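This is how it looks when you write it as structure tokens:
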């Protein structure tokens, strides 16, 4: 049954990526809307994927929402009409946010608008021009000679049938309510076109997490955001100032299906509860933990000094460290079901740890309470303690009203799950009581 | 002379263990009293071993003092009267706190009351049943078949001639007064029967420490407690609330004669003066220093949140980490005189360090004072500093009125002894003055 | 041009050492004055080397300024008048502060006044007797037998033509003003006679640093002190109490031309800005960083509790760790131009780092500001960030008004130079503003 569930998850994660792969996405436009359509279909009944449309020109902190971009077609054809490069064949062929063009030109005129990777001649690179109004094509370096050859027949026909015009920026949001104040924010970017690891993996795994968490009672709410990178997070942050004090923990999810171990990138401060929880989970899986750096994905917006939100990042080998990054080689074969499934398990365990991360006070602090007469201790003496007993002893030894359950896990080496179970037993026995949750962190 | 002293110590430590080994001890009863008799005989004149008797039923924090247990005899005999298992042959044969039995029974009826170690067929395990009223025998696993065989002759005769009845819990206390407020607590448990390392080693070495310390002027008092594990420390803590602020440092002493290097287990906070002092001493002997864990011996009571006393633990390979632990193989051959003597030296040096651990203020802080004109510095320049000069320079550089002598030792690598000597010289020269001792730590 | 400058520096550093080497220096006297004459000649126009003369008998904290010592001649001659040991041949032959002698004596009478190094028979040791009024000669151990042999001809003639009399202690001071409050103190001792590494290297490199820094606009002033060890720093500290709060950072410079990597010795507290800056510079050159110890050079006076000044030390293999230390083998061949030049570069970079070490506040802290529209970010997306962009991102991520530029360098791995340049760009773009400098540290 557990195996059936896991197999079903694997199938759904893969199927969603397959459906998302061909869509032509960017930071705005109908590709984003179509992506949200796909994800919404996989949410369980009663769980809504809310869409937000933020008009072009809206000021969001230091940024302004861009014109909306839509691409219907784009190609380079030779004098015979043969299309040598065509958006219809791969979404990476067109530089994102290319402005419309319809012209005949020589290879020499066209050349400055062509992007290739000479050292990876079979791969198409990924390029964008969000904030400069120009256009371009990306293609495999080995196809460049053919293009030059074809131009000998006569001028090349260049068509970029796009619009860059006032419209809106689209993002999606799913909220699972919790029984207490405070939320866990999960963030995935949805602005990249046919790139599987970056970030169809994040979108598909996050959708699966929501499916699972929606079946459970939650202490803290969970908010999943599906939005374009940088401008998307800045926009959400600008429009939700009143919500920010509710964000107790956050994770950016990206690059979960490629090669390499799990990599957790710490929050800027590096000592937040999400850091401790993720370090334990990723450490137990022989993953890597890295310090914050202001380069990367949207964690750099959440952690900016003015927001100071405790948002870490879970990935596998990060951006820029694998050659397939931002190329057509980041395709559906590049991500494996095993890597995706293991990433899902790890992120779920981090979320579970944060849900369990409350603070207790020992109500019987004058020596160890007599667990035996409460049925919590083996009655025959002389043997070593069990894991369950050790979890209880650690909670009693550490629950000073200021040390949370995940901190006790870090101190003790006991698992969050065993401590959570032990805390229930001790609470029932009247030996532990929950402290009120701390007030939200002060903001800048 | 020093060698003679050391040889005398070795002989006394061994002889005490030999006298204590055959006694049938538990957490209460006449075995405890007989043990205190043996130890009292070895204290120097003028040093009293006070005994305390705490009546059954006394509430001590979360615990209640148990009925007193005394065992006169216990055996299993075959139909011919041959005693196959007999308390008179080894104190471990009877489960501690066994209730009285006098019955004939088949092997099958008896079997649930028999404890053996199948993977160590020659050893008798150690088992107790303090808080559940039942009975049992422990025996070598290889003797089990003989018992079953013997039962073919007819029912086995089972005799447990014990009493479990209102009485009292007994513990001993030795106090060596100091010239200042504050005490060093030494704790050894005395509840285990014929187990040499755990804890005749602690009892015998602690007695030797008191013999030595009683000959010296002491700054801080030293209080040695000889009491049963867990219930003994909880009882002492409950009855001595007014004394607790006087406990500046403490050590649990146990398992000092077995194999392995010295192991110091830190206090719960891990940064107390006793931690620094013991880390230096144990580190200098290539021992191990470990963080606190709430499992172990009575340090878990002293360090409980409600008491928060700075009590560490000195042992060799700790409980549960050597196969002989809590078996008949922890016998007098298992502990060696060399290991016992080296442990004695180490614990004594920790106590000496704590006695010397006062805080000074540099009275001439504006640059290095001219040690030469005070006769404290070599007069011919150009050579390197001696250890004695370095100890003076470190004290002058660090004595800001908040950094104690043992902290200076940790900073500098200079020995506590050399710093103590240098401090005397500098104090005489008017360059250092002692600060008042800090107030006792705040309690929960 | 840069190479020409570097070559010129090398020539000047070497030439100054050659001129300084033969002078007979001690903690007072005409050798000190002649040394300052040499150094003053190499300072650029408009930069004054101020000399201070502090009379014998002046109380300076715990010390008293000594009598002034001057040595005109000193020798040991045989009965034929042949001079076997002669100050005129090597300044180390005469024990510093030797009192006058004019006597004939046997070898046996002379012997207690002779210092040699039996384990280094070719080297003359360096000895002084500042605070005990005696006299002595130092010589190569292999020459001792010849002296004994010569004494067979008749008594040896011993002449020490010195004066030890009221006079003054001399030190030099160069001040380069800065545009803001606060100074960087550079300290070199000038009391050692013909010892090249200890400390003609420091004197010559420091002079070169002043030449270079005098050509630049400085934020913090730079104060170079050229003074005798111990008594010189105590004297300066006693006479300049009002200046001490201005000393924001300091470095003792010594032993810069001998073998081995750069060694930075931390301030007593170990976490001062000069420590961070020097750790980065020395670390980037595979040098060593060591904790403070109260033995060494004048850092021990500056760091004394009553002053608590943040003064570190830059050297190569430190005093006492190379066999040539305080012997005639520490000659001009022992120091190499390459080692001197690399040390000059490192110290200059530390000073530059401290000059750049201001604290900024991010004026656009709500997410990452849009660097692209300010011309500070590449316009084509999809590629990795450049070093210049990373420096900007780190400054924006870390400039909370409390984290200084060198701290950002330590956090980020970006160089101080790249951060300094990025800060200028961001300040011009209105994204960063300098915070007021912190008040001087509190003093004892």
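Chains as they are written, first to last, in full-length UniProt numbering: chain A, 1 to 444; chain B, 1 to 444; chain C, 1 to 444.
In this text, a Cβ means the ideal position worked out from N, Cα and C, and glycines have one as well.
Owing to the predicted nature of the structure, the values given are computational and were not obtained by experimental measurement.
### Task
Could you check if residue 179(A) is buried or exposed, using at least 16 other CB atoms within 10 Å of its CB as the buried criterion?
Start at 1 with the first residue of the first chain, and residue 179(A) comes out as number 179. By the 16-neighbour rule on beta-carbons within 10 angstroms, residue 179(A) is exposed.
### Query
Are the C-beta of residue 122(A) and some C-beta of chain C separated by less than 8 Å?
To locate residue 122(A), count along the first chain from 1; it is residue 122. Chain C, which has no Cβ nearer than 8 Å to the Cβ of residue 122(A), makes this no.
### Task
State the Cα-Cα distance for the pair residue 302(A) and residue 182(A), rounded to the nearest angstrom.
Your numbering for residue 302(A) matches position 302 in the first chain. Your numbering for residue 182(A) matches position 182 in the first chain. Roughly 16 Å separates the two Cα atoms.
### Pick from 400(C), 373(C), 378(C) and 397(C) that is closest to residue 429(C), judged by C-alpha positions
Residue numbering aside, residue 429(C) sits at position 429 when the third chain is read from its first letter. Checking every option, the nearest Cα to that of residue 429(C) belongs to 373(C).
#### Entry: Proximal residues, the segment 356-367 of chain C versus chain A, C-beta separation under 7 Å
362, 364, 365, 366 and 367
### Query
With distances taken between CB atoms, is the gap from residue 74(B) to residue 94(B) smaller than 8 Å?
On the second chain, residue 74(B) is found 74 positions in, with the first residue counted as 1. On the second chain, residue 94(B) is found 94 positions in, with the first residue counted as 1. The answer is yes: Cβ separation under 8 Å.
### Query
For residue 128(C), which option in 326(C), 411(C), 423(C) and 405(C) has the closest C-alpha, if you only look at C-alpha atoms?
Within the third chain, residue 128(C) is the residue found at index 128, counting from 1. Per the Cα distances, 326(C).
### Message
Per DSSP, what are the beta-bridge partners of residue 76(B) in this structure?
### Response
The residue given as residue 76(B) occupies position 76 in the second chain. Note: residue 76(B) sits in a beta bridge opposite 85(B) and 158(B).
### Alpha carbon of residue 118(C) to alpha carbon of residue 171(C), nearest angstrom
Mapped onto the third chain, residue 118(C) falls at position 118. Mapped onto the third chain, residue 171(C) falls at position 171. Straight-line Cα distance between these residues: approximately 36 Å.
### Query
Quick one, are the C-beta atoms of residue 404(C) and residue 357(C) less than 8 Å apart?
Within the third chain, residue 404(C) is the residue found at index 404, counting from 1. Within the third chain, residue 357(C) is the residue found at index 357, counting from 1. In contact: residue 404(C) and residue 357(C) (Cβ atoms closer than 8 Å).
### Task
Could you tell me if residue 339(B) is buried or exposed, where buried requires 16 or more neighbouring beta carbons within 10 angstroms of its beta carbon?
The count along the second chain starts at 1 and reaches residue 339(B) at position 339. Its Cβ being crowded by 16 or more others within 10 Å, residue 339(B) is buried.
### Query
Can you name, in chain order, every residue of its own chain whose Cβ lies under 7 Å from the Cβ of residue 388(A), other than the five neighbours on each side?
Indexing the first chain from 1 puts residue 388(A) at position 388. Hits under 7 Å: 418 and 422.
### C-alpha gap between residue 138(B) and residue 221(A), whole angstroms
Counting from 1 along the second chain, the entry for residue 138(B) is found at position 138. Counting from 1 along the first chain, the entry for residue 221(A) is found at position 221. The straight-line gap from Cα to Cα measures roughly 55 Å.
### Task
Report back the beta-carbon spacing between residue 190(C) and residue 226(C) to the nearest angstrom; my notes put them in contact at under 8 Å.
Position 190 of the third chain, counting from 1, holds the residue named residue 190(C). Position 226 of the third chain, counting from 1, holds the residue named residue 226(C). Yes, residue 190(C) and residue 226(C) are in contact; Cβ-Cβ is about 5 Å, under 8 Å.
### Message
Do residue 299(B) and residue 265(B) count as a contact pair if the criterion is CB distance below 8 Å?
### Response
The residue given as residue 265(B) occupies position 265 in the second chain. The residue given as residue 299(B) occupies position 299 in the second chain. Yes. Within cutoff.
#### Entry: Cα-Cα separation between residue 443(B) and residue 310(B), rounded to whole angstroms
What you label residue 443(B) is simply residue 443 of the second chain in a count that begins at 1. What you label residue 310(B) is simply residue 310 of the second chain in a count that begins at 1. Bear in mind that a pLDDT of 45 at residue 443(B), under 50, signals an unreliable position, so the number given afterwards is only what the model happens to contain. So the two alpha carbons sit approximately 11 Å from each other.
### Message
I need the boundaries of the beta strand (DSSP E) containing residue 432(A), first residue and last residue.
### Response
Stepping through the first chain from its first residue, residue 432(A) is reached at position 432. Residue 432(A) -> beta strand (DSSP E) spans 432-434.
### Query
How long is the line joining the alpha carbons of residue 431(B) and residue 64(C), rounded to whole angstroms?
Mapped onto the second chain, residue 431(B) falls at position 431. Mapped onto the third chain, residue 64(C) falls at position 64. If you take the alpha carbons of residue 431(B) and residue 64(C), they lie about 17 Å apart.
### Query
The beta strand (DSSP E) spanning residue 55(B) covers which residue range?
Taking the first residue of the second chain as 1, we reach residue 55(B) at position 55. 50-55 is the span of the beta strand (DSSP E), which, as asked, contains residue 55(B).
### Task
Flag residue 227(C) as yes if its beta-carbon sits less than 8 Å from any beta-carbon of chain B, otherwise no.
Numbered from its first residue, the third chain carries residue 227(C) at position 227. No, residue 227(C) does not count as interfacial toward chain B.
### Task
Pull up the distance between the alpha-carbon of residue 320(B) and that of residue 254(B), whole angstroms please.
Position 320 of the second chain, counted from the start, is the residue given in the question as residue 320(B). Position 254 of the second chain, counted from the start, is the residue given in the question as residue 254(B). Straight-line Cα distance between these residues: approximately 13 Å.
### Query
Helix, strand or coil: which one does DSSP assign to residue 71(A)?
Counted from its first residue, the first chain places residue 71(A) at position 71. Correct three-state label for residue 71(A): strand.
#### Entry: Beta carbon of residue 32(B) nearer than 8 Å to that of residue 228(B)
Taking the second chain and counting its residues from 1, the one referred to as residue 32(B) is at position 32. Taking the second chain and counting its residues from 1, the one referred to as residue 228(B) is at position 228. Going by C-beta atoms, residue 32(B) is nearer than 8 Å to residue 228(B).
#### Entry: Cutoff 8 Å: residue 294(C) Cβ touching any chain B Cβ
Mapped onto the third chain, residue 294(C) falls at position 294. Residue 294(C) counts as touching chain B.
### Message
Any beta carbon of chain A sitting closer than 8 Å to that of residue 422(C)?
### Response
By one-based count along the third chain, residue 422(C) stands at place 422. Not closer than 8 Å to any Cβ of chain A, the Cβ of residue 422(C) fails to qualify, so no.
#### Entry: Identified DSSP bridge partners for residue 3(C)
The count along the third chain starts at 1 and reaches residue 3(C) at position 3. For residue 3(C), no pairing in a beta bridge is given by DSSP.
### Task
Could you say which of 34(C), 51(C) and 57(C) lies nearest to residue 70(C) if we only look at CA atoms?
Start at 1 with the first residue of the third chain, and residue 70(C) comes out as number 70. Checked all of 34(C), 51(C) and 57(C); the closest Cα to residue 70(C) is 34(C).
#### Entry: Where residue 202(C) falls: helix, strand or coil (DSSP)
Counting from one through the third chain, the residue named residue 202(C) turns up at place 202. Helix.
### Task
Spell out whether any CB of chain A is found under 8 Å from the CB atom of residue 12(B).
Here residue 12(B) refers to the residue found at position 12 when the second chain is read from its first residue. No, residue 12(B) lies away from the interface with chain A (no Cβ there is under 8 Å from its Cβ).
### Query
Hey, quick one: how far does the alpha helix (DSSP H) through residue 233(B) stretch, first residue to last?
As a first step, residue 233(B) is located in the second chain; it is residue number 233 there, counting from the start. Looking at the DSSP string, the run of the alpha helix (DSSP H) that includes residue 233(B) is 231-239.
### Task
Could you tell me if residue 108(A) is buried or exposed, where buried requires 16 or more neighbouring beta carbons within 10 angstroms of its beta carbon?
The count along the first chain starts at 1 and reaches residue 108(A) at position 108. Answer is exposed; the Cβ neighbour count stays below 16.
### Task
Spell out whether any CB of chain A is found under 8 Å from the CB atom of residue 237(B).
By 1-based counting over the second chain, the position of residue 237(B) is 237. So, interface residue.
### DSSP three-state assignment for residue 245(B), whether helix, strand or coil
Locating residue 245(B) in the second chain gives position 245, counting from the first residue. Reduced to three states, the DSSP call for residue 245(B) is helix.
### Message
Can you look up residue 112(B) in the DSSP assignment and give me helix, strand or coil?
### Response
The count along the second chain starts at 1 and reaches residue 112(B) at position 112. Of the three classes helix, strand and coil, the one that applies to residue 112(B) here is helix, per DSSP.
### Task
Pull up the DSSP beta-bridge partners for residue 316(A), would you.
Position 316 of the first chain, counted from the first residue, corresponds to residue 316(A). Paired residues: none, contrary to the question.
### Query
For the segment 295-311 of chain A, which residues have a beta carbon sitting closer than 8 Å to at least one beta carbon of chain C?
For the segment 295-311 of chain A, residues whose beta-carbon sits nearer than 8 Å to a beta-carbon of chain C comprise 295, 300, 301, 303, 304, 305, 306 and 307.
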